[in-house]
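Q: Residue numbers (the working numbering): 308 to 902. Ideal Cβ placement from N, Cα and C applies to all residues, glycine included.
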RNA sequence: GGGGAUGUAGCUCAAUUGGUUAGAGCGCCGCCCUGUCACGGCGGAGGUUACGGGUUCGAGUCCCGCCAUCCUCGCCA
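1) Output needed for residue 780: all residues of its chain with C-beta closer than 7 Å, excluding positions within five of it in sequence on either side, in chain order.
2) Restricting to Cα atoms, I'd like to know which of 403, 340, 402 is closest to residue 373.
3) Nearest to residue 533 by CA position, among 364, 879, 865, 857, is which residue?
4) Is the Cβ-Cβ distance between residue 583 and residue 571 less than 7 Å?
5) Taking residue 426 as the reference, give the member of 441, 415, 414, 412 with the closest Cα.
6) Where does the unbroken beta strand (DSSP E) through residue 796 begin, and where does it stop?
7) Return yes when the Cβ of residue 841 is within less than 7 Å of the Cβ of residue 522, no when it is not.
8) Here's the rule: buried if 16 or more other CB atoms are within 10 angstroms of the residue's CB, otherwise exposed. What is residue 635?
9) Within its chain, find whatever has a CB closer than 7 Å to the CB of residue 266; leave out the 5 residues flanking it on each side and keep chain order.
10) For residue 485, tell me which candidate among 434, 562, 497, 474 has the shortest Cα-Cα distance.
11) I think residue 881 touches residue 546, with their Cβ atoms under 8 Å apart; what is that distance to the nearest whole Å?
12) Output the residue ranges of the beta strand (DSSP E) runs that lie fully inside the stretch 739-817 and measure 3 residues or longer, sorted by chain position.
13) With distance defined between alpha-carbon atoms, name the residue in 408, 795, 707, 672 nearest to residue 564.
14) For a test of the three-state rule: what should DSSP assign to residue 316, helix, strand or coil?
15) Counting pairs of beta carbons, one from the stretch 370-385 and one from the stretch 406-426, are three or more of them closer than 8 Å?
16) Do residue 325 and residue 389 have their C-beta atoms closer together than 7 Å?
17) Are residue 646 and residue 707 touching if we call contact CB-CB under 7 Å?
18) Hey, residue 314 and residue 330: beta-carbon distance below 7 Å or not?
19) Are residue 542 and residue 868 touching if we call contact CB-CB under 7 Å?
20) What span of residues does the beta strand (DSSP E) with residue 405 cover, start to end?
21) Taking residue 511 and residue 536 to be in contact with their CB atoms under 8 Å, please state how far apart those CB atoms are, rounded to whole angstroms.
22) Would you give the residue range spanned by the alpha helix (DSSP H) that residue 666 belongs to?
23) Give me, in chain order, the residues of the same chain whose beta-carbon lies closer than 7 Å to that of residue 352; leave out the 5 immediate sequence neighbours on both sides.
24) Identify the continuous beta strand (DSSP E) that holds residue 456 and give its terminal residues.
25) So which of 611, 789, 449 has the shortest CA-CA distance to residue 703?
26) Between residue 422 and residue 446, how many whole angstroms is the CB-CB distance? I'm expecting something under 8 Å.
27) Could you please give me the residues that DSSP links to residue 346 through a beta bridge?
28) Spatial neighbours of residue 459 within its chain, please: C-beta separation below 7 Å, excluding the five flanking residues on both sides.
29) Are residue 824 and residue 749 touching if we call contact CB-CB under 7 Å?
30) In terms of residue numbering, what span does the beta strand (DSSP E) encompassing residue 613 cover?
31) Can you tell me where the alpha helix (DSSP H) holding residue 827 begins and where it ends?
Structure, rendered in structure tokens:
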């Protein structure tokens, strides 16, 4: 062992080591210098230890001079004696705060220029802009909070691996270079040098491979797999992300939901020490859209949506009555005790809250403030006598409540109120940023198909390999809109954290489904022939799920920024600000590829 | 592609209606300090107000363009 190599980490020293000579390696977290004495806080990922340099000519003047010269983020090796701190000088904020190391030798392993931002974290400090931090990501990653996020993600991965290993799942790796298949997200493409003009596609998910592994008899498969989709980014979306991909044979929906619930319990226990109650709440897609206006509702707060169409049709309010007569619905949210939180200016047309609805494509927001014995707002004067009281009763209104109403076609009304619900919760502070409240639920009974908004054809809601409910198979073609899928999404606190389905294992049903999607038989065989062939060759019933590891890591570490849980993320324009990728390449490379 | 927000010192932010030499805290440099731990005290350096035009006697501030960053809609089977 070289004499500079550490004997302890910076988080390890306690009373037990007092009197020992130790060597620490780490980075200068901070330095407090006096004429005759210098304190250096040395940091590594395990913690911080205070090192004392004393101006004692008997020891070494060079030692003190070196200590005087070091700056923040220099990488040091310090050898010295562990000493109990002077009485009353312990630092209770440090795990190592009972002791300090009196330096005997120092070796500068590497210097560091003044960093572009401060790595040391102080309570309540403002972080530097994210673009600077991403440019120097290796420095940003020295920050304890980012280290904590990545360590938590590591705990998540390790917990998953041992959980699945104990249940005899087999981890199998599948190709990154695959074939582009129709539908789904935009592919990242890789040109083939050997086959000019032909392209690989990077996987959007290992979907087809895992089904083929079931045909191969692997029974219980998993993979912590990188997935790539060339779509626009969001705070919770990166172009490359990680899925825990799982597939099982000879199972039905309940087997999968139950096992994932067990996994979630184990993960939350291992990562946060929290016991999640099971079974998770289950909500049909239709009910989720009706009550929450979303297929990924956040159940940490109320603000449920109530359909008041029947009431609105007889309310006397012409706008509502005409809307109902034309087939629209009227739905409402009672924002409990929120009347005082929004001014009439914010509520009126053009106001901030009203604009939440109009900007999302709604015609407007109707509102009533509930007061003692009366109602105020823009619309109360239009109603029949007693109509407002009937509405209030319907919504359980009490003085201080704010009633918000929207009229529109059912789908848009759901969407508008769903958006309004999320906005209200944020504005009213119903979602404390840093609490440990988790409300997982399963959304089930999705429609199998949706109309494509541009072309009007049917598209698969989940993906084209999702099995319809057994009782719906006869009416695949005749009653397409009503067909429900054996698909399920796991939602936690408003994030879609996973989704899966029972797959079609009957090649005939699979071909019928392709036909419903408007894919001619020849095309289906050209694109998915390998799957259809495989299904014919003794494919077992199977199904599975994919969990978004990045989103799980976000939820566990309490961040709403996916970049906080990825070591080297891309920015919102899909650029890596550290490496500069994507970047131009040599002309010679392009020529080799025939481009 | 659409909507919104932001861009001033290395970092975080100020700068009143368009008006003097663009300020503060942190960091950095120098000096002082033997118990600090967000050390303290004194002093100092540091600015193409993202960039390019325009209006004006005068622009950080107003207008147009453009770039960058973030949030969002579309998109993400």
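A: So, from the data block:
1) 816.
2) 340
3) 857
4) yes
5) From the listed residues 441, 415, 414, 412, the smallest Cα separation to residue 426 is found for 441.
6) 794-799
7) In this structure, residue 841 lies closer than 7 Å to residue 522 by Cβ.
8) buried
9) Residue numbering for the chain in the displayed model covers 308 to 902; residue 266 lies beyond these limits and cannot be assessed.
10) For the residues 434, 562, 497, 474, the minimum Cα distance to residue 485 belongs to 497.
11) 5 Å
12) If we require 3 residues or more, the beta strand (DSSP E) runs fully inside the stretch 739-817 come out as 747-751, 756-758, 765-767, 794-799, 802-809.
13) 795
14) coil
15) yes
16) yes
17) yes
18) One thing to note: residue 314 has its Cβ within 7 Å of the Cβ of residue 330.
19) yes
20) Here residue 405 belongs to no beta strand (DSSP E), and DSSP marks it neither H nor E.
21) 5 Å
22) 659-666
23) Closer than 7 Å at the Cβ level, and outside the excluded window around residue 352, lie 454.
24) Here residue 456 belongs to no beta strand (DSSP E); instead the alpha helix (DSSP H) covers 451-473.
25) 611
26) 6 Å
27) 339, 359
28) 578, 860, 863, 864
29) no
30) 612-614
31) Per DSSP, residue 827 belongs to no alpha helix (DSSP H) and is neither H nor E.
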